[in-house]
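Shown next, in structure tokens, is the structure this report addresses.
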Amino acid sequence: MVKKYPRSEAIQDVVQQNEEAYVGWTGNLSNKSNIKALQSFSNAVGLVLNN
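Going by the UniProt record's numbering, the residue at position 12 of the sequence shown is 12; the numbering climbs one at a time, nothing skipped.
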């Protein structure tokens with residue numbers, strides 16, 4: 001089921017969902033892996049912005 005809410009709230013939701021996973025990446029892996037994690041995070045935000 002797709003949530004219907006203002007764009008700003010959707011962005012907050014995506015950030016919250018990705019924050020712990022991203023911290024996990026940055027805490028444990030190399031810079032190359034961190035870049036991949038950041039790209040995935042950015043792509044998720046981009047999907048929210050484009051919808």
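Here a beta-carbon is modelled for each residue, glycine too, at the ideal position from N, C-alpha and C.
6 Å Cβ shell around residue i - same chain, five flanking residues per side excluded
i   : result
I48 : One detail in the question is off: residue 48 reads as Val in this sequence, not Ile. Excluding positions up to five away in sequence, the list reads A10, I11, V14.
Residues near residue i by beta carbon distance below 7 Å, same chain, minus five either side
i   : result
V45 : I11, V14
N18 : F41, A44
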